[in-house]
Amino acid sequence: MFPKDNAFFFDLSYWIPIVLVLMLLVGYKTRFVTPVMLLFWIGLQTNSMLVTNGGDTILRPTLSFLIFAELSRHWSVDAWLQKRRGDRKSFIQRHLQVPLWLSAGLHRTALTLCCYQIMLIYVNSSIYKLMGKEWTEGSAFYYSLNRDTFQVVPLLSELAWQITPAMLVAT
Numbered sequence: 001m002f003p004k005d006n007a008f009f010f011d012l013s014y015w016i017p018i019v020l021v022l023m024l025l026v027g028y029k030t031r032f033v034t035p036v037m038l039l040f041w042i043g044l045q046t047n048s049m050l051v052t053n054g055g056d057t058i059l060r061p062t063l064s065f066l067i068f069a070e071l072s073r074h075w076s077v078d079a080w081l082q083k084r085r086g087d088r089k090s091f092i093q094r095h096l097q098v099p100l101w102l103s104a105g106l107h108r109t110a111l112t113l114c115c116y117q118i119m120l121i122y123v124n125s126s127i128y129k130l131m132g133k134e135w136t137e138g139s140a141f142y143y144s145l146n147r148d149t150f151q152v153v154p155l156l157s158e159l160a161w162q163i164t165p166a167m168l169v170a171t
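Numbers 1 to 171, taken from UniProt numbering, label the letters of the sequence shown in order.
Given below as structure tokens:
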């Protein structure tokens, strides 16, 4: 999906997922966009490990779950277009009738699995933090503020880490 021999197609392969994310964000054709986005995301992850990180790994199972969710039923461009069209159904809706109970069950299961995944991430993160002495003694936030990556405003970071009780509470 990400050819390395042709610069134009390589750049195009990076712009397509950006367009797909924007379409997913506004809720336009989500039944089509979600699986295509999953394919492009897997292609991006396998192509370059430097572009993605551990947090991006969460996107793969989440997109897999969201294929079965009804993402554009409310507050989306698709819902707005459906309301404008009235009762007219699309070609797929006319020829592919999924029972309501199955559709609702798949939707709820997909959202529950997404919530469960987020819960596992936070539970595991908190367990690992409790196992580290920097978190229990209250110095982890101090070390975070001293890293160049997290110093958005260096003067405020230096001022904050000099107040020991504040560092203990923040950690």
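The C-beta atom is built at its ideal place from N, Cα and C for all residues, glycine as well.
Review point. What is the rounded straight-line gap between the Cα of residue 78 and the Cα of residue 29?
Key: For the purposes of this step, residue 78 is taken as the residue at position 78 of the sequence shown. For the purposes of this step, residue 29 is taken as the residue at position 29 of the sequence shown. Approximately 7 Å, taken between the alpha carbons.
| query | How many Å lie between residue 105 and residue 124 at the Cα? | reply | As a working mapping, residue 105 is identified with position 105 in the sequence shown. As a working mapping, residue 124 is identified with position 124 in the sequence shown. In a straight line, the C-alpha of residue 105 is about 28 Å away from that of residue 124.
Between the Cα of residue 66 and the Cα atoms of 158, 107 and 132, which residue gives the shortest distance?
Along the sequence shown, one-based indexing puts residue 66 at 66. Comparing Cα positions, the closest option is 107.
Q. So, helix, strand or coil for residue 124, using DSSP?
A. Numbered from its first residue, the sequence shown carries residue 124 at position 124. Of the three classes helix, strand and coil, the one that applies to residue 124 here is helix, per DSSP.
inquiry  = Less than 8 Å between the C-beta atoms of residue 27 and residue 71, yes or no?
reply    = As a position in the sequence shown, residue 27 is number 27, starting the count at 1. As a position in the sequence shown, residue 71 is number 71, starting the count at 1. Cβ atoms of residue 27 and residue 71: closer than 8 Å.
- Task: Express the C-alpha separation of residue 136 and residue 160 in angstroms, rounding to a whole number.
- Result: Numbered from 1 along the sequence shown, position 160 holds the residue referred to as residue 160. Numbered from 1 along the sequence shown, position 136 holds the residue referred to as residue 136. Looking at the two C-alpha atoms, the distance is approximately 19 Å.
Pair within 8 Å by beta-carbon distance, residue 9 and residue 43:
In the sequence shown, residue 9 corresponds to position 9, counting from 1. In the sequence shown, residue 43 corresponds to position 43, counting from 1. Taking 8 Å as the Cβ cut-off, residue 9 and residue 43 do not qualify as a contacting pair.
Tell me the rounded alpha-carbon separation between residue 55 and residue 115. Taking the sequence shown and counting its residues from 1, one reaches residue 55 at position 55. Taking the sequence shown and counting its residues from 1, one reaches residue 115 at position 115. Between residue 55 and residue 115, the C-alpha separation is close to 15 Å.
(message) Can you find the residues in the same chain that come closer than 8 Å, C-beta to C-beta, to residue 64, ignoring five residues on each side of it along the sequence?
(response) Against the sequence shown, residue 64 aligns to sequence position 64. Taking C-beta separations shorter than 8 Å and ignoring five residues to either side along the sequence, the partners of residue 64 in its chain run 38, following chain order.
As assigned by DSSP and simplified to three states, the class of residue 106: Within the sequence shown, numbered from 1, the residue matching residue 106 stands at position 106. In this structure, residue 106 counts as helix in the three-state DSSP scheme.
**Prompt:** What is the DSSP secondary structure of residue 15, reduced to helix, strand or coil?
**Reply:** To locate residue 15, count along the sequence shown from 1; it is residue 15. It is helical.
C-alpha distance - residue 46 paired with residue 40, whole-angstrom precision | Residue numbering aside, residue 46 sits at position 46 when the sequence shown is read from its first letter. Residue numbering aside, residue 40 sits at position 40 when the sequence shown is read from its first letter. Approximately 10 Å, taken between the alpha carbons.
Exercise for the section: Using the Cα positions of residue 15 and residue 75, report the straight-line distance between them to the nearest angstrom. Expected result: Here residue 15 is taken as the residue at index 15 of the sequence shown, counted from 1. Here residue 75 is taken as the residue at index 75 of the sequence shown, counted from 1. Taking the straight line from one Cα to the other gives about 25 Å.
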